[in-house]
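Just so we're aligned: the sequence shown equals residues 1 to 468 in the UniProt record's numbering.
Contents: one structure, followed by commentary.
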Amino acid sequence: MSVGEEVRTEQSRPQQSLGTAAARNLATTTKSVPQMQEISSRWLLRTLPWVDVQGGTYRVNRRLSFAVGDGRVTFVKTGDRVEVIPAELGELPALRSYEDEEVLSEIAQRCEQREFAPGEVIASFGSPADEVYLLAHGRVEKVGTGPYGGDAVLGVLADGAYFGDQALLSSDAIWEYTARSATACTVLVLPRQEVERVAERSDTLREHLRGRRSIPAQRTNKHGEKEIDLAAGHSGEPDIPHTFVDYEARPREYELSVAQTVLRIHSRVADLYNQPMNQTEQQLRLTVEALKERQEHELINHREFGLLHNCEYDQRIQPHDGVPGPDDMDELLSRRRGTKMFLAHPRAIAAFGRELNKRGLVPETIDIGGNRIPTWRGVPIYPCNKIPVTEARTSSIIALRTGEEDQGVIGLRATGIPDEIEPSLSVRFMGINEQAIIKYLVTAYYSAAVLVPDALGVLENVEIGRWR
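And the structure:
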């Protein structure tokens, strides 16, 4: 008998027992709860210390500071021509808080665009500083002399940075380092003489510059805070200095942000299809998970209170070679005391691991809740997929000191709200409409505050796609 005849004979036989397809109609299947790919580890929400906020607002009081201009400048590109937005010139220390748009526009028009090749010297150590450089695109290294006479890279500047700003306030300023392009750079140059020509015709600009020149005379500490007069190491009966601690007149206030959604469930589903799993519970569970994912995303990326936008510019550094190396992580650690944690995109952690492999280094790991977390210098590096990865395949690594007692970064929430199911998260019944649909309002309140600027640092523009 051929194979084909054997198959036809098998198919023609009458069924002698109940088939599995029919049997499943009477069987009780074992099933999972609804799964959701969006759920992540959410290490930031798990590790951030949370502070209860009464009245929906948290005020951060600080000592009075005289810090001037430490922002970045924004440009507009048309073809190969780059222009600085006039209002952005207010980020320069000499022009901070100056608001005459016509005068700023005239100054912006006097900027000269220059291109520099990789390795070209933009400004030399010891030469007169009579020009301000606005870095529209590229990376610039600040190079000084090391302790043994060799070159030492003091820092790296990237898009939006500026240098040489002391030229606008002092005619005797000199370059204290050499500025050298690490990549091809597009720079706008603003000569001091051009600003002085504009000031000759503008009384407001002339008075503003005169007032700015007096600010450095204030006695401040290295953080820009008003110094507290003290006497130490004296003998005899000298006059003891009198002092007081001044505070900021307008401290920053953080208002709790909100994430909300309205969950809708048909009453027929809630009434008839609740076995073996409660449909309402599962719908709420997945909705709350999505809300928490959005909450962590906002804590990282929100323009008002997100960590990436609240980091001071003097706490932002650039990688020396583009990729996140051990030296860059050490530099990030050195900017603050008591760093408690790093946050990095998983691909950035992988890029850092490749750099360690090249040097033959093996990072230590620690066990946190059953998870093996890599560390650097004993500080855990938590993965966070909410940190953006740009089209150019660059990302950021965040370093935090946390907690109120350590003047760090804290999370803000409001506990005890009506219909609360978790701290600062509530589910309110909104009734049933004419279509028999039950509605629930799901709400989460949250924010984050940086108590002092050096509690938060960012290693920016790290390359995550270089494999050699």
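By construction, the Cβ of each residue, glycine as well, lies at the ideal position given by its N, Cα and C atoms.
Beta-carbon contacts of residue i that lie in its chain and below 6 Å, excluding the five residues immediately before and after
{"i": "glutamate 83", "result": "Val76"}
{"i": "residue 481", "result": "The displayed coordinates of the chain run from 1 to 468. Any statement about residue 481 would go beyond what the structure contains."}
{"i": "glutamate 88", "result": "Val73 and Thr74"}
{"i": "threonine 261", "result": "Val442"}
{"i": "leucine 95", "result": "Leu89"}
{"i": "glycine 19", "result": "none"}
As assigned by DSSP and simplified to three states, the class of residue i
{"i": "glutamate 460", "result": "strand"}
{"i": "lysine 358", "result": "helix"}
{"i": "alanine 179", "result": "strand"}
{"i": "glycine 353", "result": "helix"}
{"i": "tryptophan 43", "result": "helix"}
{"i": "threonine 339", "result": "coil"}
{"i": "glutamine 295", "result": "helix"}
{"i": "alanine 22", "result": "helix"}
{"i": "glutamate 200", "result": "helix"}
{"i": "glutamine 166", "result": "helix"}
{"i": "tyrosine 313", "result": "helix"}
{"i": "glutamate 289", "result": "helix"}
{"i": "leucine 64", "result": "coil"}
{"i": "glutamine 109", "result": "helix"}
{"i": "arginine 212", "result": "helix"}
{"i": "serine 257", "result": "strand"}
{"i": "arginine 206", "result": "helix"}
{"i": "glutamate 391", "result": "coil"}
{"i": "alanine 123", "result": "strand"}
{"i": "glutamate 91", "result": "helix"}
{"i": "isoleucine 432", "result": "strand"}
Check whether residue i and residue j have beta carbons under 8 Å apart
{"i": "valine 53", "j": "leucine 272", "result": "no"}
{"i": "alanine 344", "j": "cysteine 311", "result": "no"}
{"i": "tyrosine 243", "j": "isoleucine 228", "result": "Sequence check: residue 243 is threonine here, not tyrosine. Cβ atoms of threonine 243 and isoleucine 228: closer than 8 Å."}
{"i": "tyrosine 254", "j": "asparagine 61", "result": "no"}
{"i": "proline 49", "j": "glycine 431", "result": "no"}
{"i": "isoleucine 410", "j": "alanine 444", "result": "no"}
{"i": "glycine 56", "j": "leucine 256", "result": "yes"}
{"i": "methionine 341", "j": "proline 380", "result": "yes"}
{"i": "leucine 459", "j": "isoleucine 421", "result": "no"}
{"i": "tyrosine 382", "j": "tryptophan 43", "result": "yes"}
{"i": "glutamate 331", "j": "isoleucine 317", "result": "yes"}
{"i": "valine 198", "j": "tyrosine 177", "result": "no"}
{"i": "histidine 320", "j": "valine 140", "result": "no"}
{"i": "lysine 226", "j": "leucine 64", "result": "yes"}
{"i": "tyrosine 440", "j": "serine 424", "result": "no"}
{"i": "glutamine 113", "j": "arginine 81", "result": "yes"}
In DSSP terms, what residue i is bridged to
{"i": "histidine 266", "result": "Ile437"}
{"i": "glycine 411", "result": "Trp50 and Ala448"}
{"i": "cysteine 185", "result": "Phe116"}
{"i": "valine 132", "result": "Leu190"}
{"i": "glutamate 281", "result": "Glutamate 281 is not bridged to any residue."}
{"i": "residue 469", "result": "The question about residue 469 has no answer, for the chain in this structure spans 1 to 468."}
{"i": "alanine 344", "result": "Pro383 and Ile397"}
{"i": "tyrosine 98", "result": "In DSSP, tyrosine 98 forms no bridge with anything."}
{"i": "serine 426", "result": "Glu420 and Thr443"}
{"i": "glutamate 227", "result": "DSSP, once it has assigned bridges, lists no residue as partnering glutamate 227."}
{"i": "glutamate 141", "result": "Val156 and Arg180"}
{"i": "tyrosine 247", "result": "Arg63"}
Close beta carbons around residue i, own chain, < 7 Å, minus the five adjacent residues each side
{"i": "residue 469", "result": "With the chain covering only 1 through 468, there is no way to say anything about residue 469."}
{"i": "serine 105", "result": "Pro86"}
{"i": "arginine 372", "result": "Thr365"}
{"i": "arginine 335", "result": "Gln315, Asp454 and Gly457"}
{"i": "arginine 46", "result": "none"}
{"i": "residue 473", "result": "Lying before the first or after the last residue shown, residue 473 is absent from the chain, which here runs from 1 to 468."}
{"i": "alanine 348", "result": "Pro324, Ser395, Ile397, Val462 and Ile464"}
{"i": "proline 34", "result": "Gln282 and Leu286"}
{"i": "glycine 164", "result": "Ala123, Ala129, Glu131, Val132 and Tyr133"}
Anticipated Cβ contact below 8 Å, residue i with residue j, distance rounded
{"i": "proline 324", "j": "alanine 351", "result": "6 Å"}
{"i": "proline 118", "j": "alanine 184", "result": "6 Å"}
{"i": "leucine 169", "j": "cysteine 111", "result": "Not a contact, Cβ separation roughly 18 Å."}
{"i": "valine 73", "j": "tyrosine 162", "result": "6 Å"}
{"i": "residue 488", "j": "aspartate 130", "result": "There is simply no residue 488 to check, as the chain begins at 1 and stops at 468 in what is shown."}
{"i": "serine 181", "j": "phenylalanine 116", "result": "4 Å"}
{"i": "leucine 263", "j": "leucine 284", "result": "7 Å"}
Residues near residue i in its chain [Cβ-Cβ closer than 8 Å; skip 5 each side]
{"i": "proline 238", "result": "Ala231"}
{"i": "glycine 338", "result": "Arg401, Asp406 and Gly408"}
{"i": "arginine 377", "result": "Met329, Asp330 and Leu333"}
{"i": "serine 267", "result": "Ile432, Ala436, Ile437 and Ile438"}
Residue i CB to nearest heavy atom of the ligand GTP below 7 Å
{"i": "glutamate 200", "result": "Ligands in the displayed structure: none, and consequently the ligand GTP is not present."}
Beta carbon proximity, residue i to chain D, threshold 8 Å
{"i": "glutamate 200", "result": "Of the chains in the structure shown, none is chain D; there is only one protein chain."}
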